[in-house]
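Numbering (our numbering), first residue to last: 46 to 357.
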């Protein structure tokens, strides 16, 4: 059974001429890494806001862990953790205090004025999460002393304290330097491996989406592509070889004899159509003067899909 089910979800803001989210449907399985992609204004943040019950849909249905996001919003909130685009920490508190008050608000533990007075279960939990994310030495320091990367790690700890089944990440690495981004993703892999947590990500960094199990691309509020990274890349962008030879007539005849699909651009562009580049190259006996391979990237596919939808 999917952990997230979305059916014909729609959101139109007051006085708007078009829907911000326009009848989208998809499903996410337990433990899956799911990425929602789209240009600015496509409806990504609106979708996350609806699924995490901070915004009501205009129509349609969605369930998280079997709970309806409208009629059972409180139950949904207990099942999800959220990391917003912008940090939402209290900089006047220590890291541990931020997490402690979050846990108390969730009703996980009774209020205690200090870490020392908190139950043993809480102490063990926060120390374990701090160890996983590598900030055990900084957990009692004020937030104002933290770097951007450390603040993001703390937000992960805070979002996981109630052991959610789904972790929503709304562009979590925006504003982080490359090293902090890399480290953050290493920690998220650990968290996912240890707790079998479902990850729901929005991002503008397509290399992050490459690791997803499933990608959903939305544009102008509509789903325009859905599938694994391999499926999405194969949808509109082809893998091909560019070849040339001093004896072009001989190469042309050989390619035709091998039954390969090609065009001259003016070099010979060979569409692989499921063949590996290595197989094709081994089959060609003509001495080559040019050999270039093109394997479609997720960025190639993303741009092609969004541009095709904009033209339609």
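Glycine included, C-beta positions come from ideal geometry on N, C-alpha and C.
Query: Excluding the 5 residues preceding and the 5 following residue 78 in the sequence, name in chain order all residues of the same chain whose CB lies nearer than 6 Å to its CB.; Result: 244, 257 and 258
Query: Buried or exposed: which applies to residue 124, given that a residue is buried once 16 or more other Cβ atoms fall within 10 Å of its Cβ?; Result: buried
Query: Roughly how far, in whole angstroms, is the beta-carbon of residue 69 from the beta-carbon of residue 268, given that I think they are within contact range, below 8 Å?; Result: 5 Å
Query: Can you tell me whether residue 176 is helix, strand or coil according to DSSP?; Result: helix
Query: Could you tell me the alpha carbon to alpha carbon distance between residue 172 and residue 126, rounded to whole angstroms?; Result: 19 Å
Query: I need the DSSP call for residue 264, collapsed to helix, strand or coil.; Result: strand
Query: List, from N- to C-terminal side, the alpha helix (DSSP H) runs of 4 residues or more that fit wholly inside the region 178 to 261.; Result: 193 to 205, 223 to 240 and 251 to 254
Query: Counting C-beta neighbours from all protein chains within 10 Å, is the total for residue 64 16 or more, i.e. buried, or is it exposed?; Result: buried
Query: Applying the criterion that 16 or more other CB atoms from any shown protein chain within 10 Å of the CB defines a buried residue, is residue 194 buried or exposed?; Result: buried
Query: So, residue 250 versus residue 218, is the Cβ gap smaller than 8 Å?; Result: yes
Query: Within the continuous beta strand (DSSP E) that includes residue 33, where are the two ends?; Result: Residue 33 lies beyond the residue range present for the chain, which begins at 46 and ends at 357; the question has no answer from this structure.
Query: Compute the beta-carbon to beta-carbon distance between residue 286 and residue 317, rounded to the nearest angstrom, for a pair I have assumed lies under 8 Å.; Result: 7 Å
Query: Determine the direct distance from the alpha carbon of residue 212 to that of residue 181, and round the result to whole angstroms.; Result: 22 Å
Query: Under 8 Å: do the region 163 to 170 and the region 94 to 106 share three or more Cβ pairs, one atom per stretch?; Result: no
Query: Where do the N-terminal and C-terminal ends of the alpha helix (DSSP H) with residue 345 fall, by residue?; Result: 343 to 356
Query: Leaving out five residues on either side along the sequence, give the residues of the same chain with a beta carbon under 6 Å from the beta carbon of residue 148.; Result: 154 and 206
Query: Does the distance from the C-beta atom of residue 262 to that of residue 151 stay below 8 Å?; Result: no
Query: How would you call residue 163, buried or exposed, if buried means at least 16 neighbouring beta carbons within 10 angstroms?; Result: buried
Query: In chain order, what residues of the same chain lie with their CB nearer than 7 Å to the CB of residue 156, ignoring the 5 residues before and after it?; Result: 149
Query: Run the CB neighbour count on residue 183, radius 10 Å, all protein chains shown included, and call it buried at 16 or more, exposed below.; Result: buried
Query: For the pair the region 295 to 309 and the region 317 to 337, tell me if three or more CB-CB distances fall below 8 Å.; Result: yes
Query: Going along the chain, which residues of its own chain have a beta-carbon closer than 8 Å to the beta-carbon of residue 40, five neighbours each way excluded?; Result: Only positions 46 to 357 of the chain appear in this structure, which leaves residue 40 out of reach.
Query: With distances taken from CA atoms, which of 208, 297 and 272 is nearest residue 73?; Result: 272
Query: Assign residue 137 to buried or exposed, taking buried as 16 or more other Cβ atoms, counted over all protein chains shown, within 10 Å of its Cβ.; Result: exposed
Query: Can residue 210 and residue 329 be called in contact, C-beta distance under 8 Å?; Result: no
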